[in-house]
Ligand SMILES: Cc1cc2nc3c(=O)[nH]c(=O)nc-3n(C[C@H](O)[C@H](O)[C@H](O)COP(=O)(O)OP(=O)(O)OC[C@H]3O[C@@H](n4cnc5c(N)ncnc54)[C@H](O)[C@@H]3O)c2cc1C
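Following this line, the structure appears as structure tokens:
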């Protein structure tokens, strides 16, 4: 498990059936041939497939991650649709933990410039402290109101409407190496929101560990998903 903005956030690679050799052998199906091991030919083939954006051999792999992240991060995450399966904790059937994301002081930022090309700059410590205090105050009020609504007998599906998008939620997220690379190219990138990028970095370290040759080829080919 890799913690992301502890104590509440994490990414865990729950299981996988993913290896560089799976990609090689999916591609070699073209000639009804197989490789038993990775050598120079296989490395070259993976690099060729990535460089020329022959994407389908990378789909013969699977990763299942368990992710706990704030709702505003999951909302961006769920925009990724292709080659992906998601199941998420229910706010209708279970009472939600009122765990909230609050930024570290150093990560409280202001934005400058135009939409689409914002630059983000850290705020001074006095303003950052005041901002974090306000965020935490709002979260406390929301958590208390949620509890009060539940005590009044309001259904969980309705009581949750007072909780902010900083509330943590847990999901199971499955993908293949191709859809993972598309996610990483967009979300482990300089213009991605800082908070989702931290999760993408954790995903990428699992990817590099599980499929080192594919990962190296992805990086060498400008992080463009095939
Ligand atoms: C920095 C950044 C800013 C963003 N800002 C906004 C924003 O302001 N508002 C907003 O709504 N979204 C925004 N997004 C989300 C973005 O538009 C994508 O929805 C999201 O990144 C998922 O990417 P994707 O479509 O490549 O992924 P997937 O949905 O997984 O799709 C993978 C690939 O499949 C193909 N594909 C998928 N669906 C179709 C289709 N219908 N037709 C043809 N080809 C398809 C495309 O090649 C696509 O790249 C932003 C994303 C980033 C990274």
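In our numbering, the protein residues as written are 630 to 855. All C-beta atoms in this analysis are idealised placements derived from N, C-alpha and C, irrespective of residue type, glycine included.
Inset, instruction - Flag this pair as touching only if the segment 791 to 806 and the segment 685 to 693 have three or more C-beta atom pairs under 8 Å; answer yes or no. - result: Result yes; three or more Cβ-Cβ pairs closer than 8 Å.
Inset, instruction - Below 6 Å CB to CB, which residues in the same chain sit around residue 700 once its five sequence neighbours on both sides are set aside? - result: Your numbering for residue 700 matches position 71 in the chain shown. Excluding its 5 nearest sequence neighbours in each direction, residue 700 has C-beta neighbours in its own chain below 6 Å: 794, 796 and 798, listed in chain order.
Inset, instruction - Verify the contact flag: residue 661, CB atom, against every heavy atom of ligand 1, threshold strictly below 7 Å. - result: Counted from its first residue, the chain shown places residue 661 at position 32. Residue 661 Cβ: outside cutoff for every heavy atom of ligand 1.
Inset, instruction - Use the C-beta contact count for residue 840: other C-beta atoms within 10 angstroms, 16 or more gives buried, fewer gives exposed. - result: As a working note, residue 840 is residue 211 in the chain shown. That one is buried.
Inset, instruction - Note the first and the last residue of the continuous alpha helix (DSSP H) segment covering residue 851. - result: Translated into the one-based positions of the chain shown, residue 851 becomes position 222. Note, residue 851: premise wrong, no alpha helix (DSSP H); not H, not E.
Inset, instruction - Excluding the 5 residues preceding and the 5 following residue 844 in the sequence, name in chain order all residues of the same chain whose CB lies nearer than 6 Å to its CB. - result: In the chain shown, residue 844 corresponds to position 215, counting from 1. Excluding residues within five positions, the ones whose Cβ falls inside 6 Å are 836 and 837.
Legend entry - Between the CA atoms of residue 641 and residue 739 - distance to the nearest angstrom: The sequence position of residue 739 within the chain shown is 110, counting from 1. The sequence position of residue 641 within the chain shown is 12, counting from 1. Going by the C-alpha atoms only, they are around 31 Å apart.
Legend entry - Endpoints, the beta strand (DSSP E) within which residue 763 is located: Taking the chain shown and counting its residues from 1, the one referred to as residue 763 is at position 134. For residue 763, there is no enclosing beta strand (DSSP E); the residue is found in the alpha helix (DSSP H) stretching over 754 to 781.
Inset, instruction - Please classify residue 750: is it buried, with 16 or more other beta-carbons within 10 angstroms of its beta-carbon, or exposed? - result: Counted from its first residue, the chain shown places residue 750 at position 121. By the beta-carbon neighbour count (other beta carbons within 10 angstroms, threshold 16), residue 750 is exposed.
Legend entry - Distance between residue 801 and residue 715 (C-alpha atoms, nearest Å): Translated into the one-based positions of the chain shown, residue 715 becomes position 86. Translated into the one-based positions of the chain shown, residue 801 becomes position 172. Inter-residue distance for residue 715 and residue 801 is about 6 Å (C-alpha atoms, whole angstroms).
Legend entry - Residue(s) in a DSSP beta bridge with residue 800: By one-based count along the chain shown, residue 800 stands at place 171. Beta-bridge pairing links residue 800 to 696 and 717.
Inset, instruction - Pull up the distance between the alpha-carbon of residue 669 and that of residue 842, whole angstroms please. - result: Locating residue 669 in the chain shown gives position 40, where the first residue counts as 1. Locating residue 842 in the chain shown gives position 213, where the first residue counts as 1. CA-to-CA, the gap between residue 669 and residue 842 works out to about 11 Å.
Inset, instruction - Give every residue of the same chain whose Cβ lies closer than 6 Å to the Cβ of residue 638, excluding the five residues on either side of it in the sequence, and list them in chain order. - result: As a working note, residue 638 is residue 9 in the chain shown. These residues qualify, in order along the chain: 697 and 698.
Inset, instruction - Quick one: give me the first and last residue of the beta strand (DSSP E) that residue 738 is part of. - result: The residue you call residue 738 lines up with position 109 of the chain shown. DSSP places residue 738 inside the beta strand (DSSP E), whose first and last residues are 738 to 741.
Inset, instruction - State the start and end residues of the unbroken beta strand (DSSP E) segment that holds residue 748. - result: As a position in the chain shown, residue 748 is number 119, starting the count at 1. Per DSSP, residue 748 belongs to the beta strand (DSSP E) from 748 to 751.
Inset, instruction - Please name the residue, chosen from 676, 655, 718 and 723, that lies closest to residue 785 on a Cα-to-Cα basis. - result: As a position in the chain shown, residue 785 is number 156, starting the count at 1. For the residues 676, 655, 718 and 723, the minimum Cα distance to residue 785 belongs to 723.
Inset, instruction - Decide if residue 660 is buried, meaning its Cβ has at least 16 other Cβ atoms within 10 Å, or exposed. - result: Residue mapping note: residue 660 aligns to position 31 of the chain shown, counting from 1. The residue is exposed, with fewer than 16 neighbouring Cβ atoms inside 10 Å.
Inset, instruction - Could you give the DSSP three-state label for residue 827: helix, strand or coil? - result: Translated into positions along the chain shown, residue 827 becomes position 198. Helix, per DSSP.
Inset, instruction - Pick out the complete beta strand (DSSP E) segments inside the segment 648 to 697, 3 residues or longer, and give them in chain order. - result: Whole beta strand (DSSP E) segments, 3+ residues: zero.
Legend entry - Where the alpha helix (DSSP H) containing residue 807 begins and where it ends: For the purposes of this step, residue 807 is taken as the residue at position 178 of the chain shown. Residue 807 -> alpha helix (DSSP H) spans 806 to 816.
Legend entry - Whole-Å CB distance - residue 853 paired with residue 814, under 8 Å assumed: Indexing the chain shown from 1 puts residue 853 at position 224. Indexing the chain shown from 1 puts residue 814 at position 185. Under the criterion of beta carbons closer than 8 Å, residue 853 and residue 814 qualify as touching, at roughly 6 Å.
Inset, instruction - Compute every distance between the C-beta of residue 820 and the non-hydrogen atoms of ligand 1, then say whether any falls below 7 Å. - result: For the purposes of this step, residue 820 is identified with residue 191 of the chain shown, where counting begins at 1. At least one heavy atom of ligand 1 is nearer than 7 Å to the Cβ of residue 820, so yes.
Inset, instruction - Identify which residue in 761, 720 and 743 has its Cα closest to the Cα of residue 576. - result: The question about residue 576 has no answer here: the residues shown for the chain are numbered 630 through 855.
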